Each structure stands twice: as C-alpha cells, then as structure tokens.
Amino acid sequence: ERLLSLIPENYHKNIVVHDHFYLKGEYGLKGIHLNARNTQLPHNYKGHISCSCQSADELRERVRSFDYVFLSPLFDATREDGFSENFSARMLNEMAEKKLIGRKVMAFGNVDADNLPLVKSLGFGGAVILGDLWNRFNMHTNRDYKDLITHFRKLRRMAE
12 ERLLSLIPEN
22 YHKNIVVHDH
32 FYLKGEYGLK
42 GIHLNARNTQ
52 LPHNYKGHIS
62 CSCQSADELR
72 ERVRSFDYVF
82 LSPLFDATRE
92 DGFSENFSAR
102 MLNEMAEKKL
112 IGRKVMAFGN
122 VDADNLPLVK
132 SLGFGGAVIL
142 GDLWNRFNMH
152 TNRDYKDLIT
162 HFRKLRRMAE
C-alpha cells in the first residue's frame, strides 16, 4: 500500500493487483489478477480480471472469461532446450496453430531478449518481462537507471 501511495495517481488506472484486492477500489486501480494464492473473485466484484494458466487445458478453459491471461512458465534457462517442463516448442506451435495463443494471452516465465522474437512469432498478445529487466538494476549499488531504461527500450522495440 505504501508503494501505491508513492505512485502518481495518473498511473493507478494501469495497475493490476495480484493480492490485497481491496486496494483496487481504494486507489482506483485497473483491476485484479487471480492466481494460485487468490483463486476466487471477491464477492460482487465488477471490473478488469486477469489470471494465470499453467497448461493448454487451463488456458482453453479460462481465456474467454478473462480480460487477459498469463501463460506460464514458458521458459527455463536451466533446461537444455530452454523451455519449461510445462511447454515444449512443439506444444507452443500447436497452440498457436489452433489459435489458442492470441492477443489476450501474455507469455510469462523467463521471457528475455533471446526468446522474445519467438514469443512474438507465436502470436502472444504480449510478454511479461521480470528478471531480464529487473536483474539489471541493484538498488543498493546502482546510482542511475540508464542500463535498465536502455534495455527496456530495446525489449519494447523487439516486441513492436
């Protein structure tokens, strides 16, 4: 809640909370995200809803009921082929061919500059970038955000 109070109000309409759903109403946020910790909609909730899916079956079942969904985990850098045990390259290609992947499906799970072109070619509506971006900034030692911002801009260009 403290962090939200530090973010200028004009950005609140872009924020989706994954916990503490009461903050959506208190701060005029965009919406809520259901996940393994929070699987149920709050009583009488009206507004933007997203969720996480960990399989093709779960995606097929839920994609129409939500504004967008995260499909994860897609990638695993520790595996030889780079894909997570949930999704192989063949499976993702089949999902794309069947139009299961589309504008409402966001690629999530170790998405980085190396696999972003594949994410784009499969037809995902977007990608969630965490480590590839945030691991570029150490709040204890870094003094500016130049490398972080430069890399963000590179990723954005790649995604366009």
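Those letters in the sequence shown? Residues 12 to 171, by the numbering used here. The C-beta atom is built at its ideal place from N, Cα and C for all residues, glycine as well. These numbers were taken from a predicted model, which means no experiment stands behind them.
- Task: Given a cut-off of 8 Å, decide if valine 116 and glycine 136 are closer than it, judged by their beta-carbon atoms.
- Result: Yes, they are a contact pair.
- Nearest candidate by alpha-carbon position, reference leucine 40, set Ile26, Leu15, Tyr33: Taking only the C-alpha atoms, the option nearest leucine 40 is Ile26.
- Grouping DSSP H, G and I as helix and E and B as strand, with all else coil, what is glycine 93? In the structure shown, the three-state DSSP call for glycine 93 is coil.
- Query: What are the boundary residues of the beta strand (DSSP E) that valine 74 is part of?
  - Reply: Element bounds for valine 74: n/a, residue is neither H nor E.
- Task: Measure the alpha-carbon distance for arginine 101 versus arginine 167 and round it to whole angstroms.
- Result: Put simply, the backbone Cα of arginine 101 is about 26 Å away from that of arginine 167.
- Item | Three-state secondary structure assigned by DSSP to phenylalanine 81 | Strand.
- Message: Within 8 Å, do at least three Cβ pairs link the region 71-89 to the region 104-116?
- Response: The answer is yes - the region 71-89 touches the region 104-116, with three or more Cβ pairs under 8 Å.
- Item | Integer Cβ distance of glycine 120 from serine 99, believed to fall under 8 Å | So it is not a contact: roughly 14 Å between Cβ atoms.
- Cβ of leucine 15 within 8 Å of Cβ of tyrosine 38? Their beta carbons are under 8 Å apart, which means leucine 15 touches tyrosine 38 by this criterion.
- Message: Between which residues of its own chain and serine 66 is the CB-CB distance below 7 Å, once the five residues before and five after are set aside?
- Response: If we look at serine 66 and ignore the five residues flanking it on each side, its Cβ neighbours are Asn97.
- Item | Segments of 3+ residues assigned as beta strand (DSSP E) that fall wholly inside the region 21-54 | At a cut-off of 3 residues, the continuous stretches assigned as beta strand (DSSP E) that sit fully inside the region 21-54 are 42-45.
- Message: Is the separation between the beta-carbon of cysteine 64 and that of arginine 75 shorter than 8 Å?
- Response: Against a cut-off of 8 Å, the Cβ pair of arginine 75 and cysteine 64 comes out as no contact.
- Task: Compare the Cα-Cα distances from glutamate 69 to each of Asp158, Ala47, Ile140 and report the closest residue.
- Result: Out of Asp158, Ala47, Ile140, Ala47 has the C-alpha closest to the C-alpha of glutamate 69.
- Query: Is the beta carbon of leucine 129 sitting closer than 8 Å to the one on leucine 144?
  - Reply: Not in contact: leucine 129 and leucine 144 (Cβ atoms no closer than 8 Å).
- Message: Contact defined as beta carbons within less than 8 Å: I believe leucine 133 pairs with alanine 170. What is the distance between those atoms, to the nearest angstrom?
- Response: Wrong, their Cβ atoms sit about 13 Å apart, outside the cutoff.
- Cβ separation of alanine 124 and lysine 165, assumed to be a contact under 8 Å, to the nearest whole Å: That belief holds up - the Cβ atoms of alanine 124 and lysine 165 are roughly 7 Å apart, short of 8 Å.
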